[in-house]
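Down below is the structure, laid out as structure tokens.
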Amino acid sequence: MTFDVPGAIHMHSDYSHDGADSLENLREVCIARGIRWVGITDHAEDLDEEIFGEYLAHCASLSDDAFRFIPGLEFRFAGFRGVHLFAVGLDRWIQPRNFQEFFDGTSTAARFTVLAHPVLCRYNVPQIVLDRIDAIEIWNTNYNTRYLADPRAIELYHALHARRPEVVATVGLDQHDSSNDREVRTLISADDMADPADALKAGRFRTSGRNATFDSVASMSPGEMRSLRVRRTAFDVVERLQNRMVIAIRRLAVSR
Ligand SMILES: [Zn+2]
Ligand SMILES: [Zn+2]
């Protein structure tokens, strides 16, 4: 099976308070970039039942054989900072107050669920999420940058995959503004274009970014894993130094 139809997961439109692009604009920009399908994940807290109905119709009106929106939402949960979950292929409004309600609701209302950017909850993932999630986002180009995947997210994924082999590893753009394309893609086969969510759940995809590609279970040799950890640590040190320099330069500018 050749995985050569690019798509993207984790995109926000202006249905999100912090999203810059209309769905029309996203469709146009994605087609220009060769992206044929998008698992869109607007912030659930920015919609209500009525707006979600409009959102579903809006996504459908902009989907055809050339390009497809898979409607979905990104949920957050009171008391669990940084634990964000996607419901991908969501076909009706749900308003989960906790993880149990999220998984019970999505089991019939959504096609696929993902734990987003585990770095944001410092990899402290509630047990019920580990027990019921369909995928872990091992590379979020917003939090992890476009240059390197997140080795700790991959370790978290591998540990879960050993126990639950059906769980897959996804990558996410976390795009809020299409003028910045951070380049990660999810590739499926042409045969799956009619239903990309099915391909995601079944692991019929591979992922790619600027300088790495992964299969759907993030297979890595111990050597590759070591190398990623070393590069990640070095990259993070440089990034922190740069941030400090920027702050120092700003302070200098202000004190003059
Ligand atoms: Zn998030
Ligand atoms: Zn997001």
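Basically the working numbering = 1-based index in the sequence shown + 88. For every residue, glycine included, the Cβ atom is placed at its ideal position computed from N, Cα and C. Predicted model, so just to flag it, every value in this text is computed and none were measured.
Legend entry - Cutoff 7 Å; reference Arg298; Cβ partners in own chain excluding five residues on either side: Here the question's residue 298 lines up with position 210 in the sequence shown. Within the same chain, Arg234, Tyr235, Glu271 come within 7 Å of Arg298 by CB-CB distance, once the 5 residues on both sides are set aside.
Legend entry - Presumed contact (8 Å Cβ cut-off) between Ala154 and Ile119, rounded CB distance: Counted from its first residue, the sequence shown places residue 154 at position 66. Counted from its first residue, the sequence shown places residue 119 at position 31. Rounded to the nearest angstrom, the Cβ distance from Ala154 to Ile119 is 7 Å, consistent with a contact under 8 Å.
Inset, instruction - May I ask whether a heavy atom of ligand 1 can be found less than 7 Å away from the beta carbon of Arg172? - result: By 1-based counting over the sequence shown, the position of residue 172 is 84. According to the sequence shown, residue 172 is His rather than Arg. Yes, since a heavy atom of ligand 1 falls inside the 7 Å radius drawn around the Cβ of His172.
Legend entry - Closer than 7 Å: His249 CB and nearest ligand 1 heavy atom: Position 161 of the sequence shown, counted from the first residue, corresponds to residue 249. If you check the C-beta of His249 against ligand 1, you find no heavy atom less than 7 Å away.
Legend entry - Distance between Ala175 and Glu112 (C-alpha atoms, nearest Å): For the purposes of this step, residue 112 is taken as residue 24 along the sequence shown, with counting starting at 1. For the purposes of this step, residue 175 is taken as residue 87 along the sequence shown, with counting starting at 1. If you take the alpha carbons of Glu112 and Ala175, they lie about 22 Å apart.
Legend entry - Rounded separation between Leu302 and His105 - CA only: Position 214 of the sequence shown, counting from 1, holds the residue named residue 302. Position 17 of the sequence shown, counting from 1, holds the residue named residue 105. In the sequence on display, residue 302 carries Phe and not Leu. In a straight line, the C-alpha of Phe302 is about 32 Å away from that of His105.
Inset, instruction - With Thr194 as the anchor, note down where its beta strand (DSSP E) starts and where it stops. - result: Residue mapping note: residue 194 aligns to position 106 of the sequence shown, counting from 1. Looking at the DSSP string, Thr194 is not in any beta strand (DSSP E); the run it does join, the alpha helix (DSSP H), is 187-197.
Inset, instruction - Compute the minimum distance between the beta carbon of Ala241 and the heavy atoms of ligand 2, and state whether it is under 7 Å. - result: Along the sequence shown, read from residue 1 onward, the residue named residue 241 stands at position 153. Ala241 Cβ: outside cutoff for every heavy atom of ligand 2.
Legend entry - Ser101 classed as buried or exposed, judged by whether at least 16 other C-beta atoms fall within 10 angstroms: Locating residue 101 in the sequence shown gives position 13, counting from the first residue. Ser101 comes out buried.
Inset, instruction - Look at Ile221 and Thr201 and say whether their C-beta atoms are less than 8 Å apart. - result: The sequence position of residue 221 within the sequence shown is 133, counting from 1. The sequence position of residue 201 within the sequence shown is 113, counting from 1. In this structure, Thr201 lies closer than 8 Å to Ile221 by Cβ.
Legend entry - Assigned secondary structure, Asp348 (DSSP; H/G/I helix, E/B strand, else coil): Residue coverage of the chain in this structure runs from 89 to 344, which leaves residue 348 outside it and unanswerable.
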